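*Asks:* In the working numbering, the protein residues as written are 147 to 773. Dumping the structure here so I can ask a few things about it.
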């Protein structure tokens with residue numbers, strides 16, 4: 147299967163969401179790419195919740211799409227339900243969430259990989275890296291073969307020395323009984339610092355055994371468009387989800403059996419996810435809560451298997467069944483698979499450059515849950531950037547490093563490589579300080595030009611994006627300049643919309659800034675009846691929030707000045723006045739800029755001032771020496 151001396155430009159280890167995007171990015175950039183997976187049946191596997199999106203995560207998916215990735219298209223083609231969340235809140239926190247058919251999602255992504263020129267998908271268990279000095283030269287596989295590659299992207303997910311726990315039962319296994327990567331996990335420690343993390347999944351149930359009439363139905367939304375900017379509309383029948391609740395009896399059963407849960411017996415040493423805790427952790431941490439939400443979600447069009455989001459557990463299977471049958475509507479529930487906890491190795495993300503290259507190694511990149519993150523969306527975004535940067539390094543091109551003010555992906559990677567993480571990292575809206583300019587609707591405006599530069603976005607697609615935003619800007623400008631005078635017809639229109647009458651001339655944009663008015667209610671005044679719905683919504687956001695956007699842009703400009711103060715050639719041992727902790731942390735992280743240095747834990751504002759003074763003095767010395 148692997149001819150002797152076969153050579154690739156890039157080898158991607160792991161075909162989950164990170165590995166799939168990394169491999170596609172490299173191949174679409176014209177490189178010869180090998181994608182290795184322990185089993186072809188697990189390509190783009192969704193071992194946990196078969197859903198994509200939600201707050202902040204939806205922004206990641208849109209950004210992946212704007213850069214030329216595949217996840218958004220794959221979701222739109224395989225979804226069973228699509229919902230817009232937080233519709234009553236501002237545009238900074240609105241989010242799409244899709245329920246996908248688990249099998250269809252895998253099948254379509256696998257077919258996309260197999261159909262891509264320059265991309266070879268093969269089944270093999272990687273056991274070690276081939277390293278020469280500080281350069282990675284390829285990988286070793288279980289049958290003894292050596293496969294050579296100019297660059298390697300590790301996207302191993304939760305498979306490194308993975309162990310499954312269900313009560314006192316434990317098994318060396320990856321998700322859903324798949325083969326773990328034990329040898330690679332043991333060998334990875336030779337190259338980079340590793341940690342032990344934990345995550346989990348809930349039991350699955352037979353949907354026909356649940357009385358859904360006793361649950362709160364959660365239907366999908368029907369509206370134009372999908373996750374991808376190229377999806378004109380999602381024309382599909384949608385399946386409902388349902389909302390259930392645990393109760394005091396549920397909590398009693400859990401509390402009486404905490405001594406049987408692997409996370410409480412001491413069997414698991416890894417740190418679990420703070421924002422997706424098990425039902426055991428919820429009961430232990432919130433003993434006074436009378437109930438917790440549980441979402442019942444179908445796994446596919448052609449199965450009655452249902453997923454219970456919010457009920458992750460490592461308790462023994464019989465206890466999990468009692469927990470299920472204690473909930474309203476689940477009295478006769480049939481459990482198809484028990485939930486489990488899984489413990490695995492990951493690397494310390496402080497060992498990574500912002501390009502996702504491993505420090506001290508040429509050609510070695512890491513992406514996805516191996517970097518300490520959680521979630522399909524976080525993994526896919528890292529995979530795309532790691533794959534693209536690996537090929538750009540090979541070609542001697544500047545890497546792509548997204549700024550915090552530019553993308554949620556920039557926030558994600560900056561957090562990882564600057565602050566590290568002591569628990570599975572999850573992207574949240576609150577982590578992005580500039581979230582009003584990092585909205586769901588404008589990801590193409592922010593990032594399509596980078597996708598084009600990478601060769602992942604076609605000229606035709608980029609031109610469509612540029613024309614769209616040019617039209618939006620022209621319409622915004624037109625509404626700002628178009629004046630409306632007080633009059634009977636105007637004031638009657640305003641009063642019908644619950645708005646105060648006009649006392650003096652104002653622009654249409656001024657009226658649109660009133661909370662109770664929208665683009666279409668003002669159509670008789672501006673006459674723009676032929677505008678598409680999505681364009682109207684974007685114009686409305688740009689105008690209504692223009693003051694806040696301008697304020698945020700000023701903050702971004704201040705931050706960018708710090709980001710432009712380079713520290714890449716600074717030896718921090720030579721900088722007098724730094725605290726000892728700051729000096730140690732700066733030497734460890736090796737920040738690219740003063741802005742990044744300011745976000746490192748242990749670096750105080752006083753230390754930042756010391757760095758600025760050092761840079762100013764060094765600049766003066768250099769200018770004197772040049773005279």
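The beta carbon of each residue, even a glycine, is placed where N, CA and C say it ideally should be. Here the structure is a predicted model, which means the values were calculated and not measured.
For the alpha helix (DSSP H) containing residue 702, name the first residue and the last one.
*Replies:* Residues 692-709.
*Asks:* Label residue 290 either buried or exposed according to how many other C-beta atoms from any shown protein chain fall within 10 Å of its C-beta, with 16 as the threshold for buried.
*Replies:* Answer is exposed; the Cβ neighbour count stays below 16.
*Asks:* Assuming contact is defined by CB atoms lying nearer than 8 Å, are residue 110 and residue 536 in contact in what I supplied?
*Replies:* Because the chain here runs from 147 to 773, residue 110 falls outside it and cannot be looked at.
*Asks:* Mind pulling the alpha helix (DSSP H) runs of 4 or more residues that sit fully within the region 232-302?
*Replies:* List check, alpha helix (DSSP H) in window: 248-261.
*Asks:* What span of residues does the beta strand (DSSP E) with residue 575 cover, start to end?
*Replies:* Element bounds for residue 575: n/a, residue is neither H nor E.
*Asks:* So who's on the other strand from residue 504, going by DSSP bridges?
*Replies:* Paired residue(s): 498.
*Asks:* I'd like to check one pair, residue 392 with residue 193: are the Cβ atoms closer than 8 Å?
*Replies:* Not in contact: residue 193 and residue 392 (Cβ atoms no closer than 8 Å).
*Asks:* Look at residue 432 and residue 244 and say whether their C-beta atoms are less than 8 Å apart.
*Replies:* Against a cut-off of 8 Å, the Cβ pair of residue 244 and residue 432 comes out as no contact.
*Asks:* Pull up the DSSP beta-bridge partners for residue 183, would you.
*Replies:* For residue 183, which the question treats as bridged, DSSP gives the partners 269.
*Asks:* Closest to residue 199 by C-alpha separation, out of 343, 485, 525, 650, would be which residue?
*Replies:* If we check each option's Cα against that of residue 199, 525 comes out closest.
*Asks:* Could you name the residues of the same chain whose beta carbon sits closer than 6 Å to that of residue 424, not counting the 5 residues immediately before and after it, in chain order?
*Replies:* Hits under 6 Å: 346, 458, 459.
*Asks:* Taking only three categories from DSSP, how would you classify residue 346?
*Replies:* Strand at residue 346.
*Asks:* With a CB to CB cut of under 7 Å and the five nearest residues on each side skipped, what residues in its chain are close to residue 477?
*Replies:* Once the five neighbours on either side are set aside, the close Cβ partners of residue 477 are 471.
*Asks:* Measuring CB to CB, does residue 352 end up less than 8 Å from residue 251?
*Replies:* Against a cut-off of 8 Å, the Cβ pair of residue 251 and residue 352 comes out as no contact.
*Asks:* Could you give the distance in angstroms between the alpha-carbon of residue 573 and the alpha-carbon of residue 701?
*Replies:* Taking the straight line joining both Cα atoms gives about 22 Å.
*Asks:* Considering only DSSP beta bridges, list what residue 451 is partnered with.
*Replies:* Residue 451 is bridged to 352.
*Asks:* Specify the secondary structure class of residue 674 as computed by DSSP and reduced to three states.
*Replies:* Here residue 674 sits in coil by DSSP.
*Asks:* Give the list of continuous alpha helix (DSSP H) stretches no shorter than 4 residues that lie fully inside the region 198-238.
*Replies:* Listed in chain order, the complete alpha helix (DSSP H) runs (minimum 4 residues) inside the region 198-238 are 203-212, 217-224.
*Asks:* When DSSP labels each residue in this structure, what does residue 666 get in the three-state scheme?
*Replies:* Coil.
*Asks:* Count the other CB atoms, across all protein chains shown, that sit within 10 Å of the CB of residue 501; report buried if there are 16 or more and exposed otherwise.
*Replies:* The residue in question, residue 501, is buried, as its Cβ has 16 or more Cβ neighbours within 10 Å.
*Asks:* Residue 469 and residue 399 - do their beta-carbons sit closer together than 8 Å?
*Replies:* Yes.
*Asks:* Report all residues from its chain with a CB closer than 7 Å to the CB of residue 178; omit the five preceding and five following residues, and keep chain order.
*Replies:* Once the five neighbours on either side are set aside, the close Cβ partners of residue 178 are 154, 155, 264.
*Asks:* Report the rounded CA-to-CA distance for residue 600 versus residue 542, giving the unit in angstroms.
*Replies:* Going by the C-alpha atoms only, they are around 13 Å apart.
*Asks:* Tell me whether residue 315 sits in a helix, a strand or coil according to DSSP, three-state version.
*Replies:* Strand at residue 315.
*Asks:* Whose CA, out of 631, 623, 588, lies closest to the CA of residue 612?
*Replies:* Nearest option by C-alpha distance: 588.
*Asks:* Beta-carbon separation of residue 421 and residue 582 under 8 Å?
*Replies:* In this structure, residue 582 does not lie closer than 8 Å to residue 421 by Cβ.
*Asks:* Name the residue from 446, 359, 647, 515 whose alpha carbon lies nearest to the alpha carbon of residue 350.
*Replies:* For the residues 446, 359, 647, 515, the minimum Cα distance to residue 350 belongs to 446.
*Asks:* Give me the residue from 661, 260, 709 with the minimum Cα distance to residue 235.
*Replies:* Taking only the C-alpha atoms, the option nearest residue 235 is 661.
*Asks:* Taking 6 Å as the limit between beta carbons, can you name the residues of its chain near residue 416, skipping five residues before and five after?
*Replies:* Result list for residue 416: 342, 343, 344, 489, in chain order.
*Asks:* Between which two residues does the beta strand (DSSP E) holding residue 153 run?
*Replies:* Its beta strand (DSSP E) spans residues 153-159.
*Asks:* Cα separation between residue 233 and residue 585?
*Replies:* Distance between the alpha carbons of residue 233 and residue 585 is about 13 Å.
*Asks:* Where does residue 201 land, buried or exposed, given buried means 16+ other C-beta within 10 angstroms?
*Replies:* It counts as buried.
*Asks:* Which of the three DSSP states is assigned to residue 383 in this structure?
*Replies:* In this structure, residue 383 counts as coil in the three-state DSSP scheme.
*Asks:* Taking the alpha-carbon positions, what's the residue 724 to residue 752 distance?
*Replies:* Taking the straight line joining both Cα atoms gives about 8 Å.
*Asks:* Could you tell me whether the Cβ atoms of residue 90 and residue 190 are closer together than 8 Å?
*Replies:* Coverage of the chain is limited to positions 147 through 773, which leaves residue 90 absent and any answer about it impossible.
*Asks:* Hey, out of 307, 295, 444, 327, whose CA is closest to residue 366's CA?
*Replies:* Measuring from the Cα of residue 366, the nearest candidate turns out to be 444.
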